[in-house]
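Under the working numbering, think of the first position of the sequence shown as 7, with each following residue one higher. So the structure is just underneath, and the comments pick up after that.
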Amino acid sequence: MNVEFINFKTPLIRAFLEAGRILGSPTVDYNAPEHLGFGYVQTTTRNGKRLSAAKAFLHPYKKRRNLHILPMATATKVLIDTTTNTAYGVQYVRNRLKNEVRARREIILSAGPMASPQLLMLSGIGPRDQLSRHGIPLIKDLPVGRTLYDHITFPGIIFSLNTTGVSFMESRSGTVSKFLKWMQFGDNEVASPGGVEGIGYIKTPLSTEVEDIPDIELISIGGSLVSDGGPKSSKATRRGMRLSDDIFNAAFGSIDNTDTWSAFPMLLHPKSVGSLELKNNNPFSHPLLYGNYLTHPIDAATFVAAVRHVQALAATPPFQKFGAKIHPAQYPECRKFNFDSDEYWECAVRTLSATLHHQIATCRMGPVGDPLAVVDPELRVHGINRLRVVDSSIIPQTVSAHTHAPAVMIGEKAADMIRSSWRYK
Numbered sequence: 007m008n009v010e011f012i013n014f015k016t017p018l019i020r021a022f023l024e025a026g027r028i029l030g031s032p033t034v035d036y037n038a039p040e041h042l043g044f045g046y047v048q049t050t051t052r053n054g055k056r057l058s059a060a061k062a063f064l065h066p067y068k069k070r071r072n073l074h075i076l077p078m079a080t081a082t083k084v085l086i087d088t089t090t091n092t093a094y095g096v097q098y099v100r101n102r103l104k105n106e107v108r109a110r111r112e113i114i115l116s117a118g119p120m121a122s123p124q125l126l127m128l129s130g131i132g133p134r135d136q137l138s139r140h141g142i143p144l145i146k147d148l149p150v151g152r153t154l155y156d157h158i159t160f161p162g163i164i165f166s167l168n169t170t171g172v173s174f175m176e177s178r179s180g181t182v183s184k185f186l187k188w189m190q191f192g193d194n195e196v197a198s199p200g201g202v203e204g205i206g207y208i209k210t211p212l213s214t215e216v217e218d219i220p221d222i223e224l225i226s227i228g229g230s231l232v233s234d235g236g237p238k239s240s241k242a243t244r245r246g247m248r249l250s251d252d253i254f255n256a257a258f259g260s261i262d263n264t265d266t267w268s269a270f271p272m273l274l275h276p277k278s279v280g281s282l283e284l285k286n287n288n289p290f291s292h293p294l295l296y297g298n299y300l301t302h303p304i305d306a307a308t309f310v311a312a313v314r315h316v317q318a319l320a321a322t323p324p325f326q327k328f329g330a331k332i333h334p335a336q337y338p339e340c341r342k343f344n345f346d347s348d349e350y351w352e353c354a355v356r357t358l359s360a361t362l363h364h365q366i367a368t369c370r371m372g373p374v375g376d377p378l379a380v381v382d383p384e385l386r387v388h389g390i391n392r393l394r395v396v397d398s399s400i401i402p403q404t405v406s407a408h409t410h411a412p413a414v415m416i417g418e419k420a421a422d423m424i425r426s427s428w429r430y431k
């Protein structure tokens, strides 16, 4: 898995790092033990092109004789011998045909924090009341899906700039010539991961974490929600945030397709807890996700504290050099509050916050006796033989980072544990 810095940088990332130093946040390698501070974003790319876990770990070995990959197949159930509570196979559908595959040693679920718990419940492993409601015979009563944590972000604090050409804008970068140059060299703005240039880890005054643990990550964007605007706009960012045209036009229409800077605060350790449930007993129906975002009052208050920190960054000389001025977004639901009051920002956070798809804990790891645990420290499902879950759904608590690297680490560690389990058998 390759990790690299993005070669292309706007002047705004240098302003972000310098502003951080002015406010007491040093420039750091945020992968080091001491990661309170700011740094250039690091990406799992190679020569400016995305390097997925599949490309890094699966593709180089796909021709192995003992590896069989079935594309376009959907696992629908884990087969379990109910007399011994032992998993022995998987049922799947491919080309509309139902098939089974059996394992001599064990079954490993790596379907992610949504599909892994769904598969367990469809197989009879989950909360008794929920399985009974959907007519699924119970094999093991476990709290599958009872906890769900996620990272959400607030993309609505945007600063207009009086200097042109210093930010990412789709109307400038989305040209054929720049795309072809990126394909050849991988070194222009097309290589940027959605305009993200820097990461900052801070500790707000409301934090209850231990001394060196941040409660907010700041994602510095060399642009903002309006950077993919214009007459031929892809609207990719706002669509990714599920932002309706009505809210966007009311809040940001006046600065669409202009030079801007923004920093998205990401809440690292939310106190709000969600859950995941089956919609029905159809494996092709998506499960029901209840994020319960911002239901704990401290979460919204922490976002407001983060907004104040971003405002302080923008007020420093490095950003004032570009004339950074906060955009007074007019959210329809928040017009009853004075702009820039704490009440306004809490309303804005509740209006615009969106998931960054870092869901965890739906198949939570913990020892026997933990009322919320689904798998043990070896990732084996409690009470079921020869069945493990190996993905980010097993992470028991939120991490002070994005979840991609931890997910890869879980796979690496699980491979060692599985080899060790079967070494002498």
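Heads up, the beta-carbon is just placed ideally off N, CA and C, and yes, glycines get one too.
Residue from the options whose Cα sits closest to the Cα of residue i
i: Pro-32; options: Gly-206, Asp-218, Gly-162, Met-189; result: Gly-206
i: Thr-153; options: Glu-283, Arg-394, Arg-111; result: Glu-283
i: Gly-204; options: Glu-339, Gly-229, Lys-184; result: Gly-229
i: Gly-43; options: Ser-291, Leu-224, Ala-60; result: Leu-224
i: His-408; options: Ile-222, Ala-21, Gln-190; result: Ile-222
i: His-434; options: Ser-399, Val-374, Tyr-98, Ala-367; result: In this structure the chain extends from 7 to 431, so residue 434 is not present and cannot be described.
i: Gly-297; options: Ile-366, Asp-346, Ala-256, Phe-258; result: Ile-366
i: Ala-311; options: Tyr-299, Phe-270, Thr-301; result: Phe-270
i: Asn-168; options: Asp-87, Arg-110, Leu-18; result: Leu-18
i: Asn-72; options: Asn-101, Ile-86, Ala-109; result: Ala-109
i: Phe-22; options: His-275, Tyr-155, Glu-215, Thr-322; result: Thr-322
i: Gly-171; options: Phe-328, Leu-115, Ser-399; result: Phe-328
i: Thr-51; options: Asn-8, Thr-16, Ile-390, Ala-93; result: Asn-8
i: His-275; options: Pro-303, Asp-346, Thr-404, Cys-353; result: Thr-404
i: Arg-27; options: Gly-45, Glu-384, Pro-402; result: Gly-45
i: Phe-11; options: Asp-382, Pro-199, Cys-353, Lys-241; result: Pro-199
i: Ile-381; options: Val-107, Asp-147, Ile-75, Arg-111; result: It should be pointed out that residue 381 corresponds to Val in this sequence rather than to Ile. Closest by alpha carbon: Asp-147.
i: Arg-178; options: Met-189, Asp-135, Gly-201, Asn-255; result: Gly-201
Whole-angstrom C-beta distance between residue j and residue i, which should lie under 8 Å
i: Val-316; j: Ile-163; result: 5 Å
i: Phe-325; j: Ala-25; result: 6 Å
i: Glu-195; j: Phe-14; result: 5 Å
i: Ala-335; j: Ala-257; result: 4 Å
i: Pro-149; j: Leu-319; result: Not confirmed; about 41 Å, so no contact.
i: Gly-130; j: Ile-142; result: 6 Å
i: Ser-226; j: Ser-399; result: At roughly 30 Å, the Cβ-Cβ gap does not stay under 8 Å, so Ser-226 and Ser-399 are not in contact.
i: Leu-126; j: Cys-369; result: 7 Å
i: Asp-397; j: Ser-116; result: 5 Å
i: Ser-173; j: Thr-16; result: 6 Å
i: Thr-308; j: Leu-212; result: 5 Å
i: Glu-352; j: Ala-306; result: 5 Å
Limits of the beta strand (DSSP E) - the one that residue i falls within
i: Val-96; result: 92 to 100
i: Gly-45; result: 43 to 46
i: Arg-71; result: Unbroken run through Arg-71: none, as it is neither H nor E.
i: Leu-103; result: 103 to 108
i: Phe-165; result: 164 to 166
i: Ser-281; result: 281 to 283
i: Leu-18; result: Per DSSP, Leu-18 belongs to no beta strand (DSSP E); it is in the alpha helix (DSSP H), 17 to 28.
i: Leu-154; result: First-last for Leu-154: undefined, no H or E at that position.
Close-in-space but distant-in-sequence residues of the same chain around residue i (CB under 6 Å, 5 per side omitted)
i: His-157; result: Met-272, Leu-362, His-364
i: Thr-243; result: Leu-231, Asp-234
i: Ala-354; result: Gly-162, Tyr-337, Cys-340
Own chain, CB closer than 7 Å to residue i, minus 5 neighbours either side, in chain order
i: Ser-166; result: Ile-261, Thr-264, Thr-266, Lys-331, His-333
i: Glu-40; result: Val-34, Asp-218
i: Asn-286; result: His-140
i: Asp-193; result: Asn-13, Phe-14, Gly-54
i: Thr-450; result: A query on residue 450 cannot be resolved here, the shown segment of the chain reaching from 7 to 431 and no further.
i: Thr-62; result: Here the sequence assigns Ala to residue 62, which means Thr is not the residue at that position. Cβ neighbours of Ala-62 beyond the five flanking positions: Met-7.
i: Gly-372; result: Leu-378, Ala-379, Pro-402
Enclosing alpha helix (DSSP H) for residue i [first to last residue]
i: Thr-82; result: Premise fails: Thr-82 lies in the beta strand (DSSP E), 79 to 87, not in any alpha helix (DSSP H).
i: Thr-266; result: Here Thr-266 belongs to no alpha helix (DSSP H); instead the beta strand (DSSP E) covers 266 to 273.
i: Glu-352; result: 348 to 358
i: Gly-118; result: 118 to 128
i: Glu-217; result: Run containing Glu-217: none; DSSP gives neither H nor E here.
i: Leu-186; result: 182 to 191
i: Gln-304; result: Correcting the residue type first, residue 304 is Ile in the shown sequence and not Gln. 303 to 320 is the span of the alpha helix (DSSP H), which, as asked, contains Ile-304.
i: Glu-1; result: Outside the displayed range of the chain (7 to 431) lies residue 1, so it cannot be described from this structure.
i: Leu-137; result: 134 to 139
i: Gln-336; result: Element bounds for Gln-336: n/a, residue is neither H nor E.
i: Phe-325; result: 323 to 326
Nonlocal neighbours in the same chain, by C-beta distance under 8 Å from residue i, ignoring five residues either side
i: Met-78; result: Arg-100, Asn-101
i: Lys-209; result: Leu-42, Glu-215, Ile-219, Pro-220, Asp-221, Ile-222
i: Thr-357; result: Gly-162, Ile-253, Tyr-337, Glu-339, Cys-340
i: Asn-344; result: Tyr-350
i: Asn-37; result: Gln-48
i: Lys-184; result: Asn-194, Glu-195, Val-196
i: Met-423; result: Glu-384, Leu-385
i: Asp-346; result: Ile-332, Pro-334
i: Lys-277; result: His-302, Ile-304, Asp-305
i: Glu-106; result: Leu-85, Gly-95, Val-96, Gln-97, Tyr-98
- Task: Run through the region 225 to 256 for me and flag every whole alpha helix (DSSP H) of 4 or more residues, listed as ranges in chain order.
- Result: 242 to 246
- At which residue ranges does the region 362 to 417 contain complete beta strand (DSSP E) runs of 3 or more residues, listed in the order of the chain? 393 to 395
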